[in-house]
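Let me begin by presenting the structure, written as structure tokens, before commenting on it.
Protein chains: 2
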Amino acid sequence: MEFELTKEFRDRFQQALDERDTKFIVETLESVQPADISALLYEFNSEESKYVLDILDKEVQAEIIRDLDSDARKAFLKIYSPTEIATILNLLNSDDAADILHELPVKEREEVLALIETELRIQVVDLLRYEATVAGGLMAKELIKVRQHWTVNQCIDEIRKQAENVDKFYAVYVVDEGDRLVGRVSLKNLVLANANKAVVDIVEDEEIVSVETYLEDTEVADIMQKYDLESIPVVNVNGQLVGRITIDDVVDVIKEQAEEERQIMAGISEDVEEDDSVWINIRARLPWLIIGILGGLMNAKFMGLFEEELVRLTAIAFFIPLIQATGGNVGIQSASIVVQSLANPGFVVESLWPRLVKVFTVAMLNGFFLALIVFGANVLLFTEFELSLTVSLALFSVVLFASFMGTITPMVLNYFGFNPALASGPFITTLNDLLGLTIYFFTVNLLLL
Amino acid sequence: MEFELTKEFRDRFQQALDERDTKFIVETLESVQPADISALLYEFNSEESKYVLDILDKEVQAEIIRDLDSDARKAFLKIYSPTEIATILNLLNSDDAADILHELPVKEREEVLALIETELRIQVVDLLRYEATVAGGLMAKELIKVRQHWTVNQCIDEIRKQAENVDKFYAVYVVDEGDRLVGRVSLKNLVLANANKAVVDIVEDEEIVSVETYLEDTEVADIMQKYDLESIPVVNVNGQLVGRITIDDVVDVIKEQAEEERQIMAGISEDVEEDDSVWINIRARLPWLIIGILGGLMNAKFMGLFEEELVRLTAIAFFIPLIQATGGNVGIQSASIVVQSLANPGFVVESLWPRLVKVFTVAMLNGFFLALIVFGANVLLFTEFELSLTVSLALFSVVLFASFMGTITPMVLNYFGFNPALASGPFITTLNDLLGLTIYFFTVNLLLL
């Protein structure tokens, strides 16, 4: 049922492309879904891809281009003329058309805009002014809008009229004379209702959930998930219905959010994939590595202050990796738990103190346990009682401090409008390395020297 | 429009609860959506929550209990009798009822099963045999099934009959005499079609996308996203239609997957939230901390072998944090890029060599650049030319090795059926710490001593 892209298939297809074997291509792709053809195109160059697409139906072609990922599409459309792009956009929904226009260079965007159908142009121009990360940037203009005094029959007529433009819908939206949203009727209830009934009598959800154009995409995602909605109407500041967002767009938002967070945690500073160029890979990875290096140099300088002590008792140095690794691990654990609870609000936020008390209880117990293991192991491995005691005491303190830092940093970042996930990345590790070393040498100084 | 839970509101509500002020509670909650009432309940204890729910409509009550998170619900339903639980389940869809039954202790599950309505019981019993992580565990039995020779009018009659049971649907599924799935008709096309037309004439998607009961939930999520589906039919091994999965369940799968990955990256070994007990927090966090500690002890033992060298030139120790931190950062970056491309397949997987060549190119350039910075800084800060050169050379090698480890580890884990994300967590850091130290001391031995 699902199409699977194998190396054999790709090679056979490449051969057909080389031989311009149109018949093979048409026959092969007949039973393949457009979304799978999009995936296939990543395997060929732009000219070959265009050759394949030009063989297919215009509608299928448009769908495939819509499904390409943004970077691939940007590169691919370079070999298309404005007229060809306009033909494709005419077959797409307003939100997808606007996304593609956003990706074009300004001059070409203007040329394409001048060439697309008037109705779509009006819709798209309205959408282009929104940033991609707000409700206005996610919404499509295609929806079924009915007046509250209409009958069910009139609604169905309207659906018939709009059916060509709106390919997926789950409800009709009911508006008043001023175009203000007053409710919705699900398609199910429309099917079940008597044809002569007035819409106002079957309208659902007096408390209809809608979002305003300027709402952040992540908040739209939260609302749609919370209320289990497959689509949500978008209103402007006057409460007038201006578009709707469907769940498939929100799924993309959720996935991107998770990916962004993973990159932050891994210390990668821009969107990068394995098949991106060497240069993009380097650019994405160097910044946090350099910050780590600066932290490392500060560590070195700091240890330099204790050179004499280290000469006297070299074994002190043996436990630096242990102390720092544990501090790093504890810090990231703590931060990621806070980041998670910041991402899932909906509870009354407790005041800071009870949270910190709990963090400290956990840290004390974990720290105690780890210190005990290390003490036992050290006495056995190095048979130095005093040093073992010092290391364990320092370790215990480091667990406490790293927990505190890990808990407080994401809250502070969040408070100042930064992404709190930064606190589960190299940032907290670099800080904790320095902190761990300071605590360790302080303890050594106090107990050993 | 959206309800916001404030501290003031909670306190006022608590007061109403203490005074058993039913009137206030009913009036307050009238305009609040069930999903928001669920969130409110986390603020009160089980008895208070039940008191609130018992005031509300049975339907609303069922919806609220459905929306609670699994842990909270498990605790909450402890104060419900089997009869009360059965009443709630009778008002829910089969998939939600099965999820709740799964959470009950076996004895209570049997009691409740005996009390629910026959039709629901048959459906639920069929669902209970699937694990939560496969298509069968995600699906609901409620769907509109029509025969291919029916007319549109007969379909609408069937919808009318089923309307009470199926609260959300977007399409009717068309089956043959053997109950095998042959296609679907979207609700839109049903609305638009002539009432006397045969279903077989308006059936869409000859290539209808469906999934089999045993498919992994993450694969179901991938398919629904790829084809932008709001619902997908589930078939058994004979191709017979047995249920359907809606996009809201898949959104949950996607979120859980992202959360699980974050936990793995942060070295947290079980699902834990900030408001979980101290004990759960410790249990989730200790395992990876202990593994880190063992790595740290191995580091210490290894450095012990070089005690004499360290006594002769203590400054060697200064750069251990720098070497290890960089190795850790590089390793996590590399691993997370591979994890990401493993999570987004759909390309023909290139053979290993070209990938590794690229990884090494990036690593060489990054390593060279970092080594240069460190060399410059060291000459300035420590004015020791030979040591600076040694540190930079070791750093360069560590970047190469850590990149290699970070790239290969997730592939190996994935190959053996483990979650590759493990490679972006404390696992790779612990390994890289040891590796970094070994490379550093090897370089020191070669060049300095």
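Chains as they are written, first to last, in my numbering: chain A, 1 to 449; chain B, 450 to 898. Note that beta-carbon positions come from the ideal geometry of N, C-alpha and C, so glycine has one too. All of these numbers come straight from a predicted model, not from anything done at the bench.
What does residue i pair with, by DSSP beta-bridge criteria?
i: residue 147 of chain A; result: A/175
i: residue 184 of chain A; result: A/173, A/204
i: residue 233 of chain A; result: A/244
i: residue 589 of chain B; result: B/693
i: residue 216 of chain A; result: A/134
i: residue 211 of chain A; result: A/234
i: residue 72 of chain A; result: For residue 72 of chain A, which the question treats as bridged, DSSP gives no partner whatsoever.
i: residue 820 of chain B; result: The partner list for residue 820 of chain B (beta bridge, DSSP) is empty, contrary to what the question assumes.
i: residue 647 of chain B; result: B/600
Run through chain B and tell me which residues come within less than 7 Å of residue i, C-beta to C-beta.
i: residue 228 of chain A; result: 697
i: residue 450 of chain A; result: This structure cannot speak to residue 450 of chain A, because chain A is shown only from 1 to 449.
i: residue 408 of chain A; result: None at all; the shortest Cβ gap to chain B is about 13 Å.
Residues of chain B with CB closer than 9 Å to the CB of residue i, please, in chain order.
i: residue 369 of chain A; result: 731, 735, 738, 739
i: residue 504 of chain A; result: Since the first residue shown for chain A is 1 and the last is 449, residue 504 of chain A is missing from the structure and cannot be characterised.
Just the chain A side, please: which residues come within less than 7 Å of residue i by C-beta, in chain order?
i: residue 926 of chain B; result: An answer regarding residue 926 of chain B cannot be provided, because it is not within the stretch 450 to 898 covered by chain B.
i: residue 619 of chain B; result: 170
i: residue 875 of chain B; result: 329
i: residue 892 of chain B; result: Under the 7 Å cutoff, chain A gives no residues; its nearest Cβ is about 16 Å from residue 892 of chain B.
i: residue 721 of chain B; result: 337
i: residue 767 of chain B; result: 300, 303, 304
Listing by chain order, which chain B residues have their CB less than 8 Å from the CB of residue i?
i: residue 456 of chain A; result: The first residue shown for chain A is 1 and the last is 449, placing residue 456 of chain A beyond what the model contains.
i: residue 213 of chain A; result: Those do not exist, as residue 213 of chain A stays about 14 Å from chain B at its closest Cβ, beyond 8 Å.
i: residue 267 of chain A; result: 778, 781, 782
i: residue 163 of chain A; result: 637, 641
Just to confirm, is the Cβ distance from residue i to residue j under 8 Å?
i: residue 713 of chain B; j: residue 866 of chain B; result: no
i: residue 854 of chain B; j: residue 881 of chain B; result: yes
i: residue 636 of chain B; j: residue 620 of chain B; result: yes
i: residue 696 of chain B; j: residue 710 of chain B; result: no
i: residue 812 of chain B; j: residue 692 of chain B; result: no
i: residue 34 of chain A; j: residue 55 of chain A; result: no
i: residue 550 of chain B; j: residue 558 of chain B; result: yes
i: residue 536 of chain A; j: residue 245 of chain A; result: The requested residue 536 of chain A does not occur in the structure, where chain A is confined to residues 1 to 449.
i: residue 267 of chain A; j: residue 781 of chain B; result: yes
i: residue 649 of chain B; j: residue 598 of chain B; result: yes
i: residue 74 of chain A; j: residue 111 of chain A; result: no
i: residue 750 of chain B; j: residue 313 of chain A; result: no
i: residue 62 of chain A; j: residue 91 of chain A; result: yes
i: residue 630 of chain B; j: residue 690 of chain B; result: yes
i: residue 360 of chain A; j: residue 393 of chain A; result: no
i: residue 827 of chain B; j: residue 847 of chain B; result: no
i: residue 293 of chain A; j: residue 769 of chain B; result: no
i: residue 526 of chain B; j: residue 748 of chain B; result: no
i: residue 402 of chain A; j: residue 357 of chain A; result: no
i: residue 303 of chain A; j: residue 834 of chain B; result: no
i: residue 775 of chain B; j: residue 289 of chain A; result: yes
i: residue 670 of chain B; j: residue 784 of chain B; result: no
In chain A, which residues lie less than 9 Å from residue i when you measure between Cβ atoms?
i: residue 744 of chain B; result: 321, 322, 325
i: residue 700 of chain B; result: 221, 224, 225, 228, 247, 250, 251, 254
i: residue 711 of chain B; result: 258, 261, 262, 265, 336, 339, 340, 421, 424
Taking C-beta pairs closer than 8 Å, name the residues in chain A that residue i reaches, listed in chain order.
i: residue 882 of chain B; result: 321, 325
i: residue 727 of chain B; result: 358, 361, 362, 365
i: residue 879 of chain B; result: 325
i: residue 822 of chain B; result: 290, 293
Item to complete: May I ask you to list, following chain order, the residues of the region 748 to 763 of chain B that have a beta carbon less than 7 Å from some beta carbon of chain A?
Response: 748, 749, 750, 752, 753, 756, 759, 760, 763
Worksheet item: Fully enclosed by the region 482 to 510 of chain B, which beta strand (DSSP E) runs are 3 residues long or longer?
Response: none
Worksheet item: Taking Cβ-Cβ distances below 9 Å as the criterion, which residues of the region 528 to 547 of chain B are in contact with chain A?
Response: none
Practice prompt. Taking a Cβ distance cut-off of 7 Å, strictly less, list which residues of the region 622 to 637 of chain B are near chain A, in chain order.
Written response: 636, 637
Fill in: Cβ-based contacts, 9 Å cut-off: residues of the region 375 to 401 of chain A near chain B
377, 378, 381, 382, 391, 395, 399
Practice prompt. Report the residues of the region 591 to 605 of chain B with a CB closer than 8 Å to any CB of chain A, ordered along the chain.
Written response: 605
Worksheet entry | Runs of alpha helix (DSSP H) wholly within the region 300 to 325 of chain A (minimum 4 residues, chain order) | 307 to 312, 315 to 318
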